[in-house]
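Asker: Residue numbers (my numbering): 7 to 139. Don't be surprised by glycine CBs; every beta carbon is placed ideally from N, CA and C. Predicted model only: the values in this text are computed from it and were never measured. Here's a structure for you.
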Amino acid sequence: MKPAVIVVDDDYAIAEMLSDALERQGLRVTHCHDAAQAVIQSQGLRPALLISDIMMPTWGTGVDTYKRLRLHPRFKNLPFIFLTGLKKDQAERLVPITDSKVRLLHKPVSLAVLMQTIRDLTGDRLLGPAPKV
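Written out as structure tokens, the structure reads:
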């Protein structure tokens, strides 16, 4: 079975773009539009990666999702990528950047940078080796 990835963003266009790009890489993607959905979906899917916006209009933030999932042993090492439009200093105050399984990227992010960040977090497990240039 393909590895599962959850994409969390209240901006439907961004969620769709990320989902399409990841599916083209052979991943199984579920997208959620708020933090509560992400927590619920994670319980059933057991994702190999979670990519989340930080600020969302309904319950919780991407950081709340991270904190809630880290309470469960099976999600203790789940890689997280936070994508945000916040200023760097604002985002760094919110995101647990000392966690080696967390990366922070700022919107807009290129797909090449996103794919390299996924490889940095997961090795070749999800995307396979990087293409030779």
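#1: How far does the alpha helix (DSSP H) with Ile20 in it reach, from first residue to last?
#2: Can you say whether Arg80 is buried or exposed, counting buried as having 16 or more other CB atoms within 10 angstroms of its CB?
#3: Quick check on the DSSP output: the alpha helix (DSSP H) that includes Asp70 runs from which residue to which?
#4: Give me the DSSP bridge partner(s) of Val35.
#5: Give me whichever residues DSSP pairs with Val108 in a beta bridge.
#6: For Phe86, collect the residues of the same chain with a Cβ closer than 6 Å to its Cβ; drop the 5 residues on either side in sequence, then sort them by chain order.
Answerer: Per the coordinate set shown:
#1: Run containing Ile20: 18-30, per the alpha helix (DSSP H) assignment.
#2: Exposed, because fewer than 16 other Cβ atoms sit within 10 Å of the Cβ of Arg80.
#3: From DSSP, the alpha helix (DSSP H) with Asp70 extends over 68-76.
#4: Val35 pairs with Val11.
#5: DSSP lists Phe86 as partners of Val108.
#6: Here the set comprises Leu56, Tyr72, Val108.
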